[in-house]
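Quick notes on the structure that follows.
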Amino acid sequence: PAAPAVKTSDGALQILGILQRDARLLDFLMEDIAPYSDDQIGAAVRELHDQCRDSVSRYVTLQPVIDGVEGTFVQAPSKDPNVVKFVGNVPAQPPAGGTLRHRGWRAAKVDLPQLAPKQDAAILSPAEIEIE
Numbered sequence: 056p057a058a059p060a061v062k063t064s065d066g067a068l069q070i071l072g073i074l075q076r077d078a079r080l081l082d083f084l085m086e087d088i089a090p091y092s093d094d095q096i097g098a099a100v101r102e103l104h105d106q107c108r109d110s111v112s113r114y115v116t117l118q119p120v121i122d123g124v125e126g127t128f129v130q131a132p133s134k135d136p137n138v139v140k141f142v143g144n145v146p147a148q149p150p151a152g153g154t155l156r157h158r159g160w161r162a163a164k165v166d167l168p169q170l171a172p173k174q175d176a177a178i179l180s181p182a183e184i185e186i187e
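Mapped onto my numbering, the consecutive letters of the sequence shown carry residue numbers 56 to 187.
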């Protein structure tokens, strides 16, 4: 049988799988954290943050959309809403610039490992069965 065709969503699913494998991100997100104290959550999030950051850095090179200092005036490089989102008291015709509140993120390079020919990208983490 032929290998399944690669779909655009496969990369997104692969990233989720990597974040689950390396940092147990999905386990954390799907767990009810209401019973835990803020101190317990804070300790868990610090480790989760480090592991997720390492995983993303390993496979994706990120760059700011605008390489400027937040809180300073910048010229908008584009009026494309996918590139720049104007916020605050925005007139019908946005001005040429404003105060940079968030630099945004652009994926400069994505280098994901090749999926195995018969690997189902929708399986983000296999079930685990312990043999005793």
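Ideal Cβ positions, reconstructed from N, Cα and C, are used throughout, including at glycine.
Those residues which DSSP pairs with residue i across a bridge
{"i": "Ile-138", "result": "Before going further, note that residue 138 is Val rather than Ile in the sequence given. Partner(s): none; Val-138 has no beta bridge."}
{"i": "Arg-161", "result": "Gln-118"}
{"i": "Gly-153", "result": "Val-129"}
Check whether residue i and residue j have beta carbons under 8 Å apart
{"i": "Pro-119", "j": "Trp-160", "result": "yes"}
{"i": "Leu-179", "j": "Leu-81", "result": "yes"}
{"i": "Val-142", "j": "Arg-156", "result": "yes"}
{"i": "Ser-110", "j": "Leu-68", "result": "no"}
{"i": "Lys-134", "j": "Pro-146", "result": "no"}
8 Å contact criterion, which residue i and residue j should meet: CB distance rounded
{"i": "Val-115", "j": "Val-165", "result": "5 Å"}
{"i": "Gly-152", "j": "Gln-130", "result": "4 Å"}
{"i": "Asp-65", "j": "Ala-176", "result": "4 Å"}
{"i": "Leu-117", "j": "Ala-182", "result": "Incorrect: roughly 32 Å between the Cβ atoms, too far for contact."}
{"i": "Ser-158", "j": "Ile-121", "result": "Note on residue identity: the sequence assigns Arg, not Ser, to residue 158. About 5 Å separates the two Cβ atoms, so the contact holds."}
Residue i beta carbon near the ligand GDP (any heavy atom closer than 7 Å)
{"i": "Asp-166", "result": "Only the bare structure without any ligand can be found here, which leaves the ligand GDP out of the picture."}
Secondary structure, alpha helix (DSSP H): runs of 4+ residues fully inside the stretch 86-136: 93-114
Taking 8 Å as the cut-off, does the stretch 72-80 touch the stretch 95-107 (at least 3 CB pairs, one atom from each stretch)? yes
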